[in-house]
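Engineer:
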Amino acid sequence: AQSVAQPEDQVNVAEGNPLTVKCTYSVSGNPYLFWYVQYPNRGLQFLLKYITGDNLVKGSYGFEAEFNKSQTSFHLKKPSALVSDSALYFCAVRVMNTGFQKLVFGTGTRLLVSP
Amino acid sequence: DGGITQSPKYLFRKEGQNVTLSCEQNLNHDAMYWYRQDPGQGLRLIYYSQIVNDFQKGDIAEGYSVSREKKESFPLTVTSAQKNPTAFYLCASSIVPTSGRREQYFGPGTRLTVT
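Protein chains in written order, with our numbering: chain A, 1 to 115; chain B, 1001 to 1115.
1. Got a sec: which bits of the stretch 16 to 32 of chain A sit with their beta carbon under 9 Å from any beta carbon on chain B, in order along the chain?
2. Would you call F74 of chain A buried or exposed, if buried means 16 or more other Cβ atoms sit within 10 Å of its Cβ?
3. Taking G1058 of chain B as part of the beta strand (DSSP E), name the residues at either end of that continuous run.
4. Grouping DSSP H, G and I as helix and E and B as strand, with all else coil, what is Y61 of chain A?
5. Ends of the beta strand (DSSP E) at C1023 of chain B?
6. Hey, out of B:P1039, B:T1086, B:K1071 and B:I1046, whose CA is closest to Y1010 of chain B's CA?
7. Can you grab the Cα-Cα spacing for the pair Q71 of chain A / N30 of chain A, in whole Å?
8. Please confirm whether Y1047 of chain B has its beta-carbon closer than 8 Å to some beta-carbon of chain A.
9. So with CB distances below 7 Å, who are the chain B contacts of T107 of chain A?
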């Protein structure tokens, strides 16, 4: 089945330290990959996407993600975490569904940045 | 949360009652989607619509119904047939529905509690 996996339910990091939120995918064909962030009781906000081209994708709020085809991964990274980055992060992948392209989401990773 | 509004933010209903969740967008997007979010399960697609007067079932459509009479509006009805309706419901939209390159924009969500 075409899917994404987020192996960590929660990631803890101290403010100022680099952070990584992991995502691996399983799709047929070329993957279109997305990262979203959700703050409590809010909708999802788009952070960045990989469609084609450079494997390092830069997005909103200083986040970036590295596409690794051999490892089928698309990990989200930030060089220096902020307390305000604490939120729920979702990885998603495009899959084909009878002619309609939909997104399949991972189960989410809660990021907790401590002061 | 872009140009997508969902109302109400919180909704309480008695078991056995149908309830309709509103979703309106002013982004001029062709495609609209409804997702259900439960803790630890990520987002699951309920219904989607690529164009006015057309919609398709997603992965968990049982117990739900939708309509798409206007481009801007995509209301979701949670019927009494839905066995576990308590959840956080998210509406989203995107441009160019047949392309997987475009990100989806999400509304702020409606938290439905059925007792």
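We treat Cβ as the ideally placed atom computed from N, Cα and C, and that holds for glycine.
Structural biologist: The structure says:
1. Y32
2. buried
3. Run containing G1058 of chain B: none; DSSP gives neither H nor E here.
4. If DSSP states are grouped into helix, strand and coil, Y61 of chain A belongs with the helices.
5. Here the beta strand (DSSP E) through C1023 of chain B covers V1019 to Q1025.
6. B:T1086
7. 14 Å
8. Not closer than 8 Å to any Cβ of chain A, the Cβ of Y1047 of chain B fails to qualify, so no.
9. G1040, Q1041 and G1042
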